[in-house]
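Trainee: In our numbering, each residue carries its 1-based index in the sequence shown increased by 928.
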Amino acid sequence: MSYEKDAARQLAALREKQKADILAIESSCDETAAAVIRNGREIISSVIHTQIPLHAMYGGVVPEIASRQHVESITPVIDEALRRADMTVQDVDAIAVTYGPGLVGALLVGVSAAKALAYAAGKPLIPVNHIEGHVSANFIAHPDLVPPFVCLVASGGHSHIIRVNDYGDYTLLGQTADDAAGEAFDKAARVLGLPYPGGPLLDKLAREGNPDALPLPHVKTPGRYDYSFSGLKTALINQVHKMRMKQEMLSDADVAASFQQAVVKQLVEKTMLAAEDTHADTVALAGGVASNSALRMRMNEACQKRGIRLVMPPPVLCTDNAAMIGSAGFYQMLRGVEPDLALNACPSLSLQMRSME
Ligand code: KG4
Ligand code: ZN
């Protein structure tokens, strides 16, 4: 029997059972990760190898270095995930892999490894959208969570407020007019001389600062649920230069806290507006920025005030990992997937979203 026919038969059986142990692979940016996920909800094992120290000295991810490092790490990382799960590749039911969006060379390493493994072991291959993976991290962290809910997806490259109508069914409510939230944090951190990736370091520094120390402008955005960070970033750069010229004594911690507060305020306000207008009883956070301590705290306060349930993954499931890909892969499988070994990396893959009615 051909690979495609056999994989299609296996997928049909898995859909029927609604059960699967999925080996998931993620290599879209600067983390090489593999995980084994049961029924889209339970982590059997999860291994993340970060390349951050390699890229930090260049101030950002160097695509060529990322690809080479993924090539070196991918096999040991997959082996380690299977070892920790006490499984061989024969024991898993399917292989899920991130095929976009991300860096083309980085994605190709994961996609090629997944295709080779799937073919060699005769297992179905499930392509997964990285953004959908971020949203799905919530299904692992909260096994009782079911759609619909409103989700703020804020990562290094993407920033959306969406309504998760059902598994794999999304409506775009709002988005950034310019920089992604993580990008804004990273740029502000760079102004303060913090190394890449600045977001988590800015978060840490901000804990010692006064968030009201630096006056930042009120931001106007085109859409009701849209937000914008480039004006804040420019204001921050101007203020910091002015301060340094006048030798004013505003600490870096004050600057970090003020910028963080302004970003978080927009994210919380717009997410709450979207949740209220759509009568959502649950709000979820996703993406690397969802690990920001001020965002988690302020969003929690805002949701409590409105009687809305707030769910968010633990920080390790907010930033890039393969567990979230295994969860998204499971629901992708239930919806139906064509077993196709011609799968290619799609660096600018977008999340299929409906627009608001
Ligand atoms: O989701 P992610 O790991 O990778 C992408 O898919 O982009 O997000 C990485 C982004 C980076 O911009 C990083 O600075 C930001 O998330 N980030 C944070 C924090 N942790 C990660 N930003 C603010 N506060 C944090 N604690
Ligand atoms: Zn990501």
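Glycine residues also receive a C-beta, built at the ideal position from the N, C-alpha and C atoms. All values derive from a computational prediction rather than experimental measurement.
Given this structure, state the Cα-to-Cα distance separating Asn1272 from Ala1034, to the nearest angstrom.
Mentor: Roughly 12 Å between the two C-alpha positions.
Trainee: I need the straight-line Cα distance from Val1056 to Ala1270, nearest angstrom please.
Mentor: One C-alpha to the other measures close to 14 Å.
Trainee: Cβ-heavy atom distance between Asp949 and the ligand KG4 below 7 Å?
Mentor: No; taking the cut-off as 7 Å, the Cβ of Asp949 has no heavy atom of the ligand KG4 nearer than that.
Trainee: For Leu1031 versus Ala994, is the C-beta distance shorter than 8 Å?
Mentor: Closer than 8 Å, so yes.
Trainee: Considering only heavy atoms of the ligand ZN, does any lie closer than 7 Å to the CB of Ser1186?
Mentor: Flag unset: Cβ of Ser1186 not near the ligand ZN.
Trainee: For Ile954, list the residues DSSP reports as bridge partners.
Mentor: According to the sequence displayed, residue 954 carries Glu and not Ile. The partner list for Glu954 (beta bridge, DSSP) reads Ala961.
Trainee: In whole angstroms, what is the alpha-carbon distance linking Leu1010 and Ala1190?
Mentor: Between Leu1010 and Ala1190, the C-alpha separation is close to 43 Å.
Trainee: Relative to the ligand ZN, is the shortest distance from any of its heavy atoms to the C-beta of Asp1097 smaller than 7 Å?
Mentor: No, since every heavy atom of the ligand ZN falls outside the 7 Å radius drawn around the Cβ of Asp1097.
Trainee: Can you give me the C-alpha to C-alpha distance between Tyr1124 and Leu1245, rounded to a whole angstrom?
Mentor: Answer to the nearest angstrom: the Cα atoms are 20 Å apart.
Trainee: May I have the straight-line CA-CA distance separating Leu1129 from Pro1029, to the nearest angstrom?
Mentor: Distance between the alpha carbons of Leu1129 and Pro1029: 25 Å.
Trainee: Considering Cys1079, what are the terminal residues of the alpha helix (DSSP H) in which it resides?
Mentor: Taken as a continuous stretch (DSSP letters only), Cys1079 belongs to no alpha helix (DSSP H), being part of the beta strand (DSSP E) at Phe1077 to Ala1082.
Trainee: Looking only at C-alpha atoms, which of Ile953, Ser1040 and Leu1053 sits nearest to Gln938?
Mentor: The option with the nearest alpha carbon to Gln938 is Leu1053.
Trainee: Whose CA, out of Leu951, Val1005, Gln979 and Asp1094, lies closest to the CA of Arg1282?
Mentor: Of the listed residues, the one whose Cα sits closest to Arg1282 is Asp1094.
Trainee: So, using beta-carbon positions, are Ala1049 and Ala948 closer together than 8 Å?
Mentor: Contact: no.
Trainee: Would you be able to state if there are at least three C-beta pairs under 8 Å between the region 1078 to 1098 and the region 1208 to 1228?
Mentor: With a cut-off of 8 Å, the region 1078 to 1098 and the region 1208 to 1228 count as touching, because enough Cβ pairs lie within range.
Trainee: Do the region 1194 to 1213 and the region 1225 to 1239 touch if we need at least three Cβ pairs shorter than 8 Å?
Mentor: Touching, yes.
Trainee: Given the structure, does His1062 come close to the ligand KG4, in the sense that its CB is under 7 Å from one of the ligand's heavy atoms?
Mentor: Yes, Cβ of His1062 sits closer than 7 Å to a heavy atom of the ligand KG4.
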